[in-house]
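Written below as structure tokens is the structure these notes are about.
Chains as they are written, first to last, in the working numbering: chain A, 1 to 524; chain B, 1 to 524.
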């Protein structure tokens with residue numbers, strides 16, 4: 001992490017050997033201010049965390065601009081490394097750690113549909129649309145690879161704002177879909193972006209597309225395995241050594257460091273750190289959580305939430321500050337009209353690209369669920385609109401990827417690249433502020449706080465028959481087992497999710513929990 | 001923080017855009033290993049955390065040496081910035097936050113004597129001794145400023161190891177003295193070091209010495225005020241806004257960020273960040289602690305301990321790795337005999353310099369306490385030996401200061417400077433390992449676990465008379481107040497510490513706690 005401190009010389013007169021003291025001090029001070037103002041605005045119906053942070057960032061940017069005599073509005077240069085190595089891992093690990101596993105896995109297929117297939121559809125539409133429309137505004141000079149990158153950059157969603165409005169207890173299905181999609185979307189976007197970077201753009205055909213998809217599947221599988229492995233190892237070590245005996249300090253340190261290690265290992269091996277750390281979080285909250293002392297549990301849970309919160313605020317604060325980067329504005333030689341045209345086109349493509357997968361895929365998911373007899377998972381039209389809306393905001397991942405594609409560690413001298421960076425920032429600002437402000441009213445209108453249709457509240461009903469896992473019942477005759485196996489198999493066809501879940505519970509109770517920790521579930 | 005990753009090219013074949021992925025991954029992995037091995041060796045009578053970390057660091061260094069074909073043993077270059085900006089603040093804040101305030105302030109004068117006057121005495125002896133003896137070994141070329149720096153560098157103690165052996169409940173006086181001295185010593189050393197940097201070495205006279213001392217007093221006062229101010233502000237904000245209403249996340253974030261802000265502000269203003277953050281910690285544990293929710297309290301306490309623990313382990317791990325830095329070894333052109341002579345001389349001077357203040361100052365403190373009638377605070381001879389021993393280890397601060405004095409952000413090409421850095425590392429290694437290993441047996445021998453002389457156990461007895469603070473009793477006649485004032489004044493002469501403490505409690509209850517938070521003390 002290298003801080004380039006323009007601001008420095010103008011403020012410090014007597015010289016300071018630590019070049020990063022000034023930016024860190026300013027950033028920490030503004031962060032504290034953000035926390036306090038965000039708290040005061042908590043009850044406000046328009047504003048949320050992200051918007052507060054962006055506005056405070058802008059304000060600080062203006063002050064710094066004035067102090068530095070219109071030289072620069074930001075005191076630390078954006079660095080994808082800072083973002084991908086320090087800020088993103090705590091956010092994603094926290095997401096995995098706090099996610100309601102049952103809901104998440106119950107809707108796993110729908111989430112995957114939205115998060116993976118959706119990103120592919122959306123990025124194809126945005127790439128094609130911008131390829132076709134940008135030259136018509138007189139904005140050319142982008143390579144095919146750039147267009148592909150634009151497609152992925154603007155397919156990454158930022159659901160922070162929506163999740164602050166949705167309530168896990170009131171609309172569990174909707175919450176789990178939006179949250180789950182957000183996480184899988186992050187991972188997919190980053191993976192797809194990296195795949196596009198490696199793509200040979202001169203030979204774009206079905207084979208290349210299949211190659212990208214194959215790459216994606218490979219990355220998804222290996223990253224998941226790495227994350228689950230790291231989580232299981234941590235759980236095993238924590239259970240086996242019982243750290244609480246001496247002090248809870250080591251437990252907490254290990255609970256923080258091991259997921260981070262899984263993230264870094266994944267990055268080192270060119271896998272997806274996001275997926276690894278997410279699954280590591282899920283596994284650790286399932287097993288490791290039960291192997292530590294009570295105070296370590298409270299600490300881990302809260303400190304992860306706090307770290308994730310600080311990282312998110314930091315990012316939006318930075319986006320706000322960077323919006324006033326006059327150097328990039330000057331460098332981009334576009335007329336105002338053209339910029340406006342490009343931005344509106346991109347916003348339109350984003351809305352379109354998202355609509356193009358949310359509604360069809362929801363219908364598909366509803367059809368599948370109706371066949372499987374789990375009608376409680378039906379996504380109503382109002383829900384579809386909320387899901388569509390929830391993913392229109394663009395956030396930190398878009399910015400980070402844009403910097404990665406169009407700058408060389410935060411610096412660019414090419415006007416076209418500078419334009420793309422400023423356009424990304426404008427779209428992130430616009431979508432976060434305008435769409436973000438409308439989110440609370442919209443959701444209030446679509447989903448009244450205490451809806452009378454209790455379907456939304458009802459937990460999905462689970463088939464109550466006593467399923468027994470044939471392979472695990474040692475003490476019964478083979479004939480019974482075979483009969484049971486047949487029965488179970490026909491049930492698997494009928495309602496796959498519940499059956500898989502049931503078998504998983506059995507397996508978990510018999511083999512996993514005794515080794516990796518956690519209480520046996522109450523069901524006999 | 002800049003990582004220079006030599007190791008990088010030899011390991012990575014297909015190129016990785018993030019230059020710091022490899023060192024971070026290796027460091028986090030080795031840290032986790034350290035945690036686990038440290039836990040397994042907890043019951044061992046010779047080894048402690050620091051020694052484990054140093055050995056594992058050496059081992060990793062050897063492995064890295066082999067992997068990198070004898071090119072370098074460390075994968076990230078030591079940077080004082082990394083140390084002073086990221087690792088030291090959590091350690092010191094945690095110290096202030098967890099210190100038993102009553103004991104600390106009860107022995108405040110003695111602690112100041114050891115921590116301030118002691119450092120001055122010790123650094124004078126080491127400077128004079130090395131100035132006189134180094135040329136006799138044929139090792140010249142150091143400037144007067146270097147000798148002064150050597151004096152301060154080797155006056156900084158590292159009491160981590162001793163504190164792991166002493167028990168707060170068994171020997172409260174001793175624990176509080178060793179702990180308190182450690183913190184004040186850190187601050188004094190850094191301040192003195194900075195004062196020496198600014199000193200005009202051509203005019204070294206009594207005036208210059210007085211100037212250094214004046215500087216020190218100024219820094220001590222302003223840094224303390226800044227830290228106390230930051231702590232009070234945090235407490236006030238936390239009490240006034242009641243963050244727990246919405247979520248504990250903001251509370252925790254603010255409890256972490258505000259002390260850090262006070263540290264960075266102090267550094268920005270060229271004050272002592274260590275002192276600021278230490279007093280900020282004390283004030284926050286006294287007030288802010290009571291204004292947050294229960295879960296935030298548990299989280300703050302444990303996560304601070306964990307962060308401090310990780311930072312300490314990280315430092316010793318690094319020291320272990322750096323010990324094998326063959327480049328510096330090659331660069332230092334000294335014969336083995338000379339190096340050995342210089343190291344032994346320095347070790348001797350360290351022992352001497354510490355003895356020269358611990359025993360006289362203890363006697364002085366005993367004399368003062370006997371006069372004040374608080375004989376329970378008497379420091380027995382055995383205790384004096386333990387205090388002397390406790391401060392013989394040299395640690396991270398020494399290393400950081402040596403790098404600051406003798407390298408330019410971790411790099412040096414001068415043989416003499418390289419020699420001084422390697423000698424500092426040798427002394428830190430030697431004192432930590434050899435003295436560290438002997439600490440547990442020594443303390444076991446001097447202070448048996450369940451001593452029969454109950455004086456060590458007894459809490460210092462406090463004069464039980466009902467003191468009333470004259471200025472704060474509004475509802476009584478002036479005559480009574482004046483009589484009380486006289487009585488109180490004579491008491492102040494007789495036993496100053498208790499009287500001050502009593503008045504402080506009154507003031508605290510009447511004015512401070514209602515504003516900044518915390519329960520009223522039980523005494524009426």
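All C-beta atoms in this analysis are idealised placements derived from N, C-alpha and C, irrespective of residue type, glycine included.
Item checked: Under 7 Å from the C-beta of residue 258/B: neighbouring residues of chain A -> Mapped onto the second chain, residue 258/B falls at position 258. Residues of chain A passing the Cβ test: 32.
Margin query: If contacts are defined as beta-carbon pairs under 8 Å, then residue 287/A and residue 276/A qualify, I think. What distance do you get, rounded to the angstrom?
Written below: Taking the first chain and counting its residues from 1, the one referred to as residue 287/A is at position 287. Taking the first chain and counting its residues from 1, the one referred to as residue 276/A is at position 276. About 16 Å separates the beta carbons of residue 287/A and residue 276/A, which is beyond the 8 Å limit, so they are not a contact pair.
Checklist line | Contact list for residue 42/B against chain A, beta-carbon separation under 7 Å | finding: If you number the second chain from 1, residue 42/B lands on position 42. Within chain A, the residues near residue 42/B are 246.
Notebook entry, point to check: According to DSSP, what are the bridge partners of residue 97/B?
Noted result: One-based indexing of the second chain puts residue 97/B at position 97. Residue 97/B pairs with nothing; no bridge assigned.
Check: Any beta-carbon of chain B closer than 8 Å to the one on residue 268/A?
Finding: Position 268 of the first chain, counted from the start, is the residue given in the question as residue 268/A. Chain B, which has a Cβ nearer than 8 Å to the Cβ of residue 268/A, makes this yes.
Next item on the list: Take residue 228/B as the anchor and find which of 502/B, 313/B, 398/B, 279/B has the nearest alpha-carbon.
Entry: Numbered from its first residue, the second chain carries residue 228/B at position 228. The shortest Cα separation from residue 228/B among 502/B, 313/B, 398/B, 279/B belongs to 279/B.
Notebook entry, point to check: Mind pulling the chain A residues with CB within less than 9 Å of residue 385/B?
Noted result: The sequence position of residue 385/B within the second chain is 385, counting from 1. Within chain A, no C-beta atom comes less than 9 Å from the C-beta of residue 385/B; the nearest is roughly 28 Å away.
Notebook entry, point to check: For residue 403/A, which beta-bridge partners are listed by DSSP?
Noted result: To locate residue 403/A, count along the first chain from 1; it is residue 403. Answer by DSSP bridge pairing: none, since residue 403/A is not bridged.
Checklist line | Close Cβ partners of residue 150/B (< 6 Å) along its chain, the five nearest in sequence each way excluded | finding: Taking the second chain and counting its residues from 1, the one referred to as residue 150/B is at position 150. Excluding sequence positions up to five before and after residue 150/B, its CB lies within less than 6 Å of the CB of 130, all in the same chain and listed in chain order.
Next item on the list: Examine chain B for any beta-carbon lying closer than 8 Å to the beta-carbon of residue 88/A, and answer yes or no.
Entry: As a first step, residue 88/A is located in the first chain; it is residue number 88 there, counting from the start. Chain B contact via Cβ: absent.
Item checked: Straight-line Cα distance separating residue 135/A from residue 609/B -> Because chain B is modelled from 1 through 524, residue 609/B falls outside the range shown and cannot be assessed.
Margin query: What does the alpha-carbon distance come out to for the pair residue 254/A and residue 296/B?
Written below: If you number the first chain from 1, residue 254/A lands on position 254. If you number the second chain from 1, residue 296/B lands on position 296. Between residue 254/A and residue 296/B, the C-alpha separation is close to 20 Å.
Notebook entry, point to check: What residues from the stretch 298-326 of chain B come within 9 Å of chain A, judged by C-beta to C-beta, listed N to C?
Noted result: For the stretch 298-326 of chain B, which is checked against every Cβ of chain A, the residues closer than 9 Å are 298, 299, 300, 301, 302, 303, 305, 306, 307, 308, 309, 310, 313.
Next item on the list: Quick one: using the 10 Å Cβ neighbour count with 16 as the cut-off for buried, is residue 316/A buried or exposed?
Entry: For the purposes of this step, residue 316/A is taken as the residue at position 316 of the first chain. By the beta-carbon neighbour count (other beta carbons within 10 angstroms, threshold 16), residue 316/A is buried.
Check: Are the stretch 400-417 of chain A and the stretch 303-314 of chain A touching, with three or more C-beta to C-beta distances below 8 Å?
Finding: Contact between the stretch 400-417 of chain A and the stretch 303-314 of chain A is absent, with fewer than three C-beta pairs closer than 8 Å.
Margin query: I want to see whether chain A comes within less than 8 Å of residue 264/B, judged by CB atoms only; does it?
Written below: Stepping through the second chain from its first residue, residue 264/B is reached at position 264. For residue 264/B, the answer is yes, since a Cβ of chain A falls inside 8 Å of its Cβ.
Margin query: Less than 8 Å between the beta carbons of residue 161/A and residue 307/A, yes or no?
Written below: On the first chain, residue 161/A is found 161 positions in, with the first residue counted as 1. On the first chain, residue 307/A is found 307 positions in, with the first residue counted as 1. Taking a C-beta distance under 8 Å as the contact criterion, residue 161/A and residue 307/A do not qualify as a contact pair.
Next item on the list: Could you confirm whether any beta carbon from chain B is found closer than 8 Å to the beta carbon of residue 253/A?
Entry: Reading the first chain from its first residue, position 253 is the one you call residue 253/A. Residue 253/A counts as touching chain B.
Check: Within 10 angstroms of its Cβ, does residue 250/A collect 16 or more other Cβ (buried), or is it exposed?
Finding: Position 250 of the first chain holds residue 250/A. Buried, because 16 or more other Cβ atoms sit within 10 Å of the Cβ of residue 250/A.
Note to self: I'd like to know if residue 237/B contacts chain A, where contact means its C-beta is closer than 8 Å to some C-beta of that chain.
What the structure shows: If you number the second chain from 1, residue 237/B lands on position 237. Closer than 8 Å to some Cβ of chain A, the Cβ of residue 237/B qualifies, so yes.
Checklist line | Inter-stretch contact (C-beta, 8 Å, three-pair minimum) for the stretch 31-46 of chain A and the stretch 233-243 of chain B | finding: Pairwise C-beta distances place the stretch 31-46 of chain A in contact with the stretch 233-243 of chain B, as three or more of them are shorter than 8 Å.
Note to self: Counting only C-beta atoms, is residue 261/A closer than 8 Å to chain B at any point?
What the structure shows: Locating residue 261/A in the first chain gives position 261, where the first residue counts as 1. For residue 261/A, a Cβ of chain B is located within less than 8 Å of the residue's own Cβ.
Margin query: Starting from residue 259/A, trace the alpha helix (DSSP H) in both directions and tell me its first and last residue.
Written below: As a position in the first chain, residue 259/A is number 259, starting the count at 1. Taken as a continuous stretch (DSSP letters only), the alpha helix (DSSP H) holding residue 259/A covers 248-268.
Item checked: Cutoff 8 Å: residue 52/A Cβ touching any chain B Cβ -> Counting from 1 along the first chain, the entry for residue 52/A is found at position 52. Chain B contact via Cβ: absent.
Margin query: Three or more C-beta pairs under 8 Å: does that hold for the stretch 105-118 of chain B against the stretch 344-358 of chain B?
Written below: Contact between the stretch 105-118 of chain B and the stretch 344-358 of chain B is established, with three or more Cβ pairs separated by less than 8 Å.
Checklist line | Identity of the residue in 383/B, 20/B, 270/B, 421/B nearest residue 445/B by Cα | finding: For the purposes of this step, residue 445/B is identified with residue 445 of the second chain, where counting begins at 1. Residue 445/B has its Cα closest to that of 383/B, out of 383/B, 20/B, 270/B, 421/B.
Notebook entry, point to check: Going by alpha carbons, who is nearest to residue 396/A out of 422/A, 516/A, 312/A?
Noted result: Taking the first chain and counting its residues from 1, one reaches residue 396/A at position 396. For residue 396/A, the nearest C-alpha among the options comes from 312/A.
Next item on the list: Closer than 6 Å by C-beta to residue 299/A: which residues in its own chain qualify, once you throw out the five before and the five after it? Chain order, please.
Entry: Stepping through the first chain from its first residue, residue 299/A is reached at position 299. Apart from the 5 residues on each side of it in sequence, residue 299/A sits with its Cβ closer than 6 Å to the Cβ of 252 in its chain, given in chain order.
Notebook entry, point to check: Taking residue 180/A as the reference, which of 271/A, 233/A, 110/A has the closest Cα?
Noted result: If you number the first chain from 1, residue 180/A lands on position 180. Minimum Cα distance to residue 180/A is reached at 110/A.
Margin query: Does residue 164/B come out as helix, strand or coil in the three-state DSSP assignment?
Written below: As a working mapping, residue 164/B is identified with position 164 in the second chain. Looking at residue 164/B - three-state DSSP - the assignment turns out to be coil, as it is neither helix nor strand.
Checklist line | Anticipated Cβ contact below 8 Å, residue 126/A with residue 349/A, distance rounded | finding: Residue 126/A sits at position 126 when you count from the first residue of the first chain. Residue 349/A sits at position 349 when you count from the first residue of the first chain. Taking the Cβ atoms as the reference, residue 126/A lies roughly 5 Å from residue 349/A, within the contact range of under 8 Å.
Note to self: Rounded to the nearest angstrom, what separates residue 248/A and residue 294/A at their Cα positions?
What the structure shows: By one-based count along the first chain, residue 248/A stands at place 248. By one-based count along the first chain, residue 294/A stands at place 294. When rounded, the separation of the alpha-carbon atoms in residue 248/A and residue 294/A is 9 Å.
Next item on the list: Between the Cα of residue 132/A and those of 509/A, 412/A, 346/A, spot the shortest distance and give me the residue it belongs to.
Entry: Your numbering for residue 132/A matches position 132 in the first chain. Here the closest residue by C-alpha is 346/A.
Checklist line | C-alpha distance - residue 140/B paired with residue 416/B, whole-angstrom precision | finding: Here residue 140/B corresponds to residue number 140 of the second chain, with the count starting at 1. Here residue 416/B corresponds to residue number 416 of the second chain, with the count starting at 1. Spanning the two alpha carbons is a distance of roughly 8 Å.
Checklist line | Buried or exposed by the 16-neighbour rule on C-beta atoms within 10 Å, applied to residue 62/A | finding: As a working note, residue 62/A is residue 62 in the first chain. Looking at its Cβ environment, which holds fewer than 16 other Cβ atoms inside 10 Å, residue 62/A is exposed.
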